[in-house]
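Under UniProt numbering, read the sequence shown as residues 1 to 309, first letter to last.
Positions of the beta carbon are idealized from the N, C-alpha and C atoms, including for glycine.
In what follows, a structure is listed as structure tokens, so that the remarks can point back to it.
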Amino acid sequence: MPKTVNNGKSKASSEKCIRFRCSLQNTILDVLRARPGWIEVTNEGSWDFYWADVWWMKEIFDRAYLEDQMRINHFRNHYELTRKNLMVKNLKRLRRQLERDSGKSEAQKCDFFPSTFELPSEYHIFVDEFRKCPGSIWIMKPIAKSQGKGIFLFKRLKDITDWKRGVEYQPQLLSPDGTSQAIETYVVQRYIENPYLIGGRKFDIRVYVLVTSYTPLKVWLYRSGFARFANNRYSLTSIDDNYVHLTNVAIQKTAPDYDPEKGCKWSIQQLRRYLTAKHGQRKINYLFQQITNIFVLSLQSCQRVIIND
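Next comes the structure, spelled out in structure tokens:
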């Protein structure tokens with residue numbers, strides 16, 4: 001009789017399977033469990049693939065022993081790409097490097113994001129830029145939050161002054177448990193006031209890439225992404241309306257007139273068909289190639305600092 005492993009499968013059959021662990025209790029776990037040839041294991045040392053959360057990477061990874069076949073869903077310092085302020089820092093560094101090495105025309109490839117500053121560390125630099133652009137709108141984003149949390153638009157410096165007085169900015173203030181609170185870092189960006197609209201609504205595109213190596217850079221593009229739409233028609237008359245200016249599904253589905261049957265998403269294929277019908281295949285092929293180039297530049301910007309092993 002063949003030997004069994006701790007999941008009850010025979011050794012012979014388990015060798016044909018991918019043994020996985022998952023520290024999340026959500027859709028990711030459901031998908032992994034439903035995959036043919038993937039079996040869930042509980043033993044800490046018997047897995048091939050581990051979908052770990054960021055806490056595990058921070059607290060456990062450095063002292064964990066990984067065998068050659070083991071794979072994890074994060075690079076060790078993934079935050080160089082996923083934290084908004086670090087991503088901007090790396091992109092600005094890449095732009096300077098390209099200008100030194102190849103000239104301004106090559107560096108202009110990195111000009112795909114608006115003027116961006118980190119607060120509070122670059123507050124005075126931001127104020128100088130703000131005063132050069134009177135009447136413009138800016139957007140504030142906390143660097144490590146998701147689902148649109150903490151994001152707001154403003155066009156008066158007084159709005160930032162009020163924010164500076166808030167709990168997020170004051171390291172001297174105490175939490176309810178008596179411990180001091182750290183400064184919450186934000187990025188502030190020049191808001192794109194004339195976005196491309198579909199049906200009068202703002203949208204963005206969510207696309208996934210899989211990076212299997214940074215040295216050399218190896219990237220796989222997932223073709224089935226989606227576009228996320230704002231629930232309300234675009235207007236600059238009310239910059240505090242998140243149903244107009246943000247596209248996060250977590251926000252849009254709370255709109256009073258949100259239709260869950262209709263939703264607020266298109267597949268990439270739907271989006272591409274719409275744009276092609278309106279602008280022609282040649283222009284849209286070029287557009288999506290430019291989007292792919294942005295993915296590559298973003299990854300190249302942190303290629304030197306990501307720990308590959």
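Less than 8 Å between C-beta atoms, sequence neighbours within five positions excluded: which residues of the same chain meet that for residue i?
i, result
"Leu66", "Ile72"
"Phe20", "Leu32, Trp38, Ile39, Glu40, Val41, Trp47, Asp48, Phe49, Tyr50 and Trp51"
"Arg83", "Ile143 and Ala144"
"Pro260", "Lys253"
Tell me which same chain residues have a C-beta within less than 6 Å of the C-beta of residue i, skipping the five on either side of it?
i, result
"Pro176", "Bear in mind that the predicted position of Pro176 carries a pLDDT of just 41, short of 50, making it too unreliable to give a figure here."
"Cys17", "Gly37 and Ile39"
"Leu271", "Ala227"
"Tyr222", "Tyr208"
"Asn293", "none"
"Ala107", "Arg95, Leu98 and Glu99"
"Lys218", "Thr212"
"Pro112", "Position check: residue 112 holds Phe in this sequence, whereas Pro was assumed. Within the same chain, Phe112 has close Cβ partners Ile294."
"Asn23", "Per the sequence presented here, residue 23 reads as Ser, with Asn not at that position. Ala52, Asp53 and Trp56."
"Ser13", "Its pLDDT being 48, under 50, Ser13 is placed unreliably by the model, and the measurement read from it follows with that caveat. No residues qualify anywhere along the chain."
Pick from the options: whose alpha carbon is nearest that of residue i?
i, options, result
"residue 347", "Ser235, Gly225 and Ile192", "Here the chain covers residues 1 to 309 and nothing more, so residue 347 does not appear."
"Met140", "Asn248, Phe295 and Leu153", "Leu153"
"Ser224", "Asp204, Thr247, Trp266 and Asn231", "Trp266"
"Tyr214", "Cys22, Asp101, Asp240 and Val296", "Val296"
"Arg198", "Asp30, Arg273, Met87 and Lys145", "Note that residue 198 is Ile in the sequence shown, not Arg. Among Asp30, Arg273, Met87 and Lys145, the Cα nearest to that of Ile198 is on Arg273."
"Cys133", "Glu122, Lys149 and Lys155", "Lys155"
"Lys164", "Tyr196, Ser121 and Ile205", "Ser121"
"Gln238", "Val127, Glu80, Gln289 and Glu193", "Gln is not the amino acid found at residue 238; the sequence shown has Ser there. It is Glu193."
"Gln25", "Ser102, Asp53 and Phe130", "Asp53"
"Ile205", "Ile183, Leu246 and Tyr123", "Leu246"
"His124", "Arg35, Thr27, Ile160 and Pro260", "Ile160"
"Arg233", "Arg35, Ala255 and Val305", "Ala255"
Taking DSSP as the reference, what is the three-state secondary structure of residue i?
i, result
"Ala34", "helix"
"Ser213", "strand"
"Phe54", "Looking at the sequence shown, residue 54 is not Phe but Val. DSSP places Val54 in helix when its eight states are reduced to three."
"Trp47", "coil"
"Cys264", "coil"
"Lys141", "strand"
"Phe75", "coil"
"residue 344", "This structure cannot settle anything about residue 344, because the visible part of the chain is limited to 1 through 309."
"Phe20", "strand"
"Thr247", "coil"
"Ala255", "coil"
"Gln189", "strand"
"Thr161", "helix"
"Phe113", "coil"
"Ala227", "strand"
"Arg272", "helix"
"Ile239", "coil"
"Lys202", "coil"
"Asp153", "Sequence inspection shows Leu at residue 153; the Asp mentioned does not correspond to that position. If DSSP states are grouped into helix, strand and coil, Leu153 belongs with the strands."
"Pro176", "Because the pLDDT of Pro176 is 41, which lies under 50, any placement of that residue in the model is unreliable, and the number read from its coordinates should be weighed accordingly. Pro176 falls in the coil class under three-state DSSP."
Go through its chain and collect everything with a Cβ distance to residue i's Cβ below 7 Å, but skip five positions before and after it.
i, result
"Gln252", "Ala230, Asn231, Tyr243, Tyr258 and Cys264"
"Asn85", "Glu118, Ile143, Thr185 and Val187"
"Tyr196", "none"
"Gln69", "Asp48"
"Phe61", "Arg76"
Am I right that residue i and residue j are in contact with their C-beta atoms under 8 Å? What's the rounded C-beta distance?
i, j, result
"Ile268", "Thr276", "That belief does not hold up - the Cβ atoms of Ile268 and Thr276 are roughly 12 Å apart, past 8 Å."
"His74", "Met57", "5 Å"
"Ile291", "Arg76", "The pair is not a contact, with the Cβ atoms about 28 Å apart (cut-off 8 Å)."
"Asn248", "Gly148", "4 Å"
"Lys109", "Leu98", "7 Å"
"Leu81", "Val127", "28 Å between Cβ atoms; not a contact."
Consider the Cβ of residue i: report whether some Cβ of chain B lies at a distance smaller than 8 Å.
i, result
"Asp48", "Absence of chain B from the displayed structure is noted, only one protein chain being present."
Contact between the segment 188-197 and the segment 113-120 (3+ Cβ pairs under 8 Å):
yes
Quick test of the definition: if touching needs 3 or more C-beta pairs under 8 Å, does the segment 92-111 touch the segment 288-304?
yes
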